[in-house]
């Protein structure tokens, strides 16, 4: 049960969802896992959004990409909250492609960005077989279009049409322009808030042996 095959085994949950497993007595690895899943203030704030969480731990960063990102200020900087930022290169537009390691439901976004350089128009696409180019992102029918205000760029949750984002394997954001209409778009931090589809209900576990109330 729960795939426990070694002692000790640490199983990590968030919002009753199994997110990771660590086997063996490695204090440093255990501390890193605790910091990853429970040590950030951003994660605690995300959980206050209708019981959802920051989906960062479900993102497969090796399969993510950003078109027109600056070499010095890449997507990785925008996904992490520990400093740095994502910045566009040749012009103001960006295409951000995010892949998850399992299907998720997406409730909202949190964007921190400068009031002038922050994104304004964002077109959202899901479950595409490959990353769209800029022409396709401009012409395809999106799942939802957002018009962000400067207030939206302060890390406040920007709600999506939740019913449209119930089974998401990958998601792409076409940042069409920025607030001031300049040539450079900047995103300090970008978080996707939601929950995995496969959640664990503790009440569904079957007893290994004996009946309720019996000691083992």
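Residue numbers (UniProt numbering): 1 to 216.
Ideal Cβ positions, reconstructed from N, Cα and C, are used throughout, including at glycine.
Query - Cβ of residue 130 within 8 angstroms of any chain C Cβ - result: Although the question refers to chain C, the structure presented lacks it and comprises just one protein chain.
Query raised in the report: Which one or two residues does DSSP pair with residue 172 in a beta bridge?
Result: 97, 125
Report task. Using beta-carbon positions only, say whether residue 175 and residue 94 come within less than 8 angstroms of one another. Result -> yes
Query raised in the report: How would you label residue 170, buried or exposed, when you count the other beta carbons within 10 angstroms and need 16 or more for buried?
Result: buried
Query raised in the report: Nearest CA to the CA of residue 188: which residue from 119, 161, 133?
Result: 119
Query raised in the report: Does the pairing of the stretch 152-163 with the stretch 134-142 give three or more beta-carbon distances under 8 angstroms?
Result: no
Requested in this report: Alpha carbon to alpha carbon, how far is residue 106 from residue 42? Give it in angstroms, no decimals.
Outcome: Caution is warranted here: a pLDDT of 46 is assigned to residue 42, below 50, making its placement in the model unreliable, and no coordinate value can be reported.
Query - Local conformation of residue 131 per DSSP, three classes - result: coil
Query - Cβ-based burial, residue 86 [other Cβ within 10 Å; buried from 16] - result: buried
Query - Environment of residue 66 [buried if 16+ CB atoms lie within 10 Å] - result: buried
Query raised in the report: Cα-Cα, which of 182, 63, 151 is closest to residue 113?
Result: 151
Query raised in the report: So residue 164 packs on residue 179, CB below 8 angstroms; how close in whole Å?
Result: No, residue 164 and residue 179 are not in contact; Cβ-Cβ is about 25 angstroms, not under 8 angstroms.
**Report entry** Sequence-distant residues of its chain with Cβ nearer than 7 angstroms to residue 123 (five each side left out)
**Finding:** 137, 142, 145, 174, 176
Requested in this report: Assign residue 13 to one of three DSSP states: helix, strand, or coil.
Outcome: strand
**Report entry** Nearest-angstrom Cα separation, counted from residue 79 out to residue 104
**Finding:** 17 angstroms
Query raised in the report: When you compare only the Cα positions, how much space is there between residue 40 and residue 58?
Result: With a pLDDT of only 49 at residue 40, under the threshold of 50, the placement of this residue in the model should not be trusted; the figure read from the coordinates follows. Computed Cα separation, rounded: 16 angstroms.
Query raised in the report: residue 100 to residue 84, Cα distance in whole Å?
Result: 23 angstroms
Query raised in the report: When you compare each of 98, 117, 68, 81 to residue 88 by their alpha carbons, which one comes out closest?
Result: 68
Query raised in the report: If you draw a straight line from the C-alpha of residue 206 to the C-alpha of residue 153, how long is it?
Result: Because the pLDDT at residue 206 is just 49, under 50, the model does not fix this residue reliably, and the value given afterwards should be weighed accordingly. So the two alpha carbons sit approximately 46 angstroms from each other.
Report task. Using the Cα positions of residue 64 and residue 185, report the straight-line distance between them to the nearest angstrom. Result -> 19 angstroms
Query - Sequence-distant residues of the same chain with beta carbon closer than 8 angstroms to residue 172, five excluded per side - result: 95, 96, 97, 98, 124, 125, 126, 128, 131, 132, 137
Query - Beta-carbon contacts of residue 92 that lie in its chain and below 7 angstroms, excluding the five residues immediately before and after - result: 177, 178, 182, 183, 184, 185
Query - Residues near residue 44 by beta carbon distance below 8 angstroms, same chain, minus five either side - result: In this predicted model, residue 44 has a pLDDT of only 47, less than 50, meaning its place in the structure is not dependable enough to derive any value.
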